[in-house]
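S.K.: Structure in structure tokens, see below.
Dropping the structure here:
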């Protein structure tokens, strides 16, 4: 895998500096955890994949009122921190195809890493929503069978794009395995997430 230009410590510092909203911060930590689990599954560098997941929404607080700039403003933040073109392009790839981001809407994701990132960061929403439906609101109470049912129920967490989650298959991971891997990754950091 190509160099990212950013260490784990630098990634943590960027998160601290640019993301104050606790929900966004947790989403980014969750995305990093699932990316690390995918890296392990593929025999890739877990720390690097984790950094990509952790930083994927680094410009969210700057762009949430103007979603057409999401993933675009990330470039300046990342480049200033020393990020390589590879890292910037990988992070921007989770916005490819989105009508809301005119500059990226005609681009298509390619390769295992880009498909993994968009699937992982989207899956976090489904898993957290499923956990919050549990009587104790705990990740430990979420069963894989329940998560599979919630995935099939398009009315549940309706803003969670199932097509993006299904990009796990383009990355080479069957959906059921991906749901299990993602759930396990978040259950593994449940203390950090407070869930």
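In the numbering used here, the protein residues as written are 18 to 212.
Cβ coordinates follow ideal geometry from the N, Cα and C atoms, glycine included.
This one's a predicted model, so the numbers in the text were calculated from it and none came from an experiment.
Decide if residue 154 is buried, meaning its Cβ has at least 16 other Cβ atoms within 10 Å, or exposed.
M.R.: Under this definition residue 154 is an exposed residue.
S.K.: Does DSSP classify residue 151 as helix, strand or coil?
M.R.: Residue 151 falls in the coil class under three-state DSSP.
S.K.: What is the residue span of the alpha helix (DSSP H) that residue 54 lies within?
M.R.: Taken as a continuous stretch (DSSP letters only), the alpha helix (DSSP H) holding residue 54 covers 39–59.
S.K.: My guess is that residue 71 and residue 49 are in contact by the Cβ rule of under 8 Å, so how many angstroms apart are they, rounded?
M.R.: 4 Å between Cβ atoms; contact.
S.K.: What do you reckon, are the CB atoms on residue 139 and residue 182 nearer than 8 Å?
M.R.: Cβ atoms of residue 139 and residue 182: closer than 8 Å.
S.K.: Our contact map puts residue 101 next to residue 131 with C-beta atoms below 8 Å; I'd like the distance itself, whole angstroms only.
M.R.: Their Cβ separation, rounded to whole angstroms, is 15 Å, which puts residue 101 and residue 131 out of contact at 8 Å.
S.K.: Please go through the same chain and pick out, in chain order, the residues whose beta-carbon is closer than 8 Å to the beta-carbon of residue 189, but skip the five residues on each side of it.
M.R.: Only 59, 129 meet the Cβ criterion.
S.K.: Under a three-way DSSP split, which group does residue 177 fall into?
M.R.: Residue 177 falls in the coil class under three-state DSSP.
S.K.: Measuring only the C-alpha atoms, how far is residue 28 from residue 112?
M.R.: Near 20 Å, if we compare the C-alpha coordinates of residue 112 and residue 28.
S.K.: Considering only C-alpha positions, which residue in the set 81, 165, 206 is nearest to residue 143?
M.R.: The option with the nearest alpha carbon to residue 143 is 165.
S.K.: Can the beta-carbon of residue 148 be found less than 8 Å from the beta-carbon of residue 212?
M.R.: Taking 8 Å as the Cβ cut-off, residue 148 and residue 212 qualify as a contacting pair.
S.K.: At 4 residues or longer, and completely inside the stretch 104–150: list those alpha helix (DSSP H) runs for me, N to C.
M.R.: 128–149, all fully within the stretch 104–150.
S.K.: So, with DSSP's three-state summary, where would you put residue 33?
M.R.: Helix, per DSSP.
S.K.: With a cut-off of 8 Å on the beta carbons, I'd call residue 90 and residue 74 a contact; round off their distance for me.
M.R.: 11 Å between Cβ atoms; not a contact.
S.K.: Which same chain residues end up closer than 8 Å to residue 199 when comparing Cβ atoms and leaving out the 5 residues on each side of it in sequence?
M.R.: Within the same chain, residue 199 has close Cβ partners 51, 54, 137, 140, 141, 144.
S.K.: Within a Cβ cutoff of 7 Å, which residues of the same chain sit near residue 204, ignoring the five residues on either side of it in sequence?
M.R.: Excluding residues within five positions, the ones whose Cβ falls inside 7 Å are 156, 157.
S.K.: So residue 167 and residue 174 are supposed to be a Cβ contact under 8 Å. How far apart are they, rounded?
M.R.: The pair is a contact, with the Cβ atoms about 7 Å apart (cut-off 8 Å).
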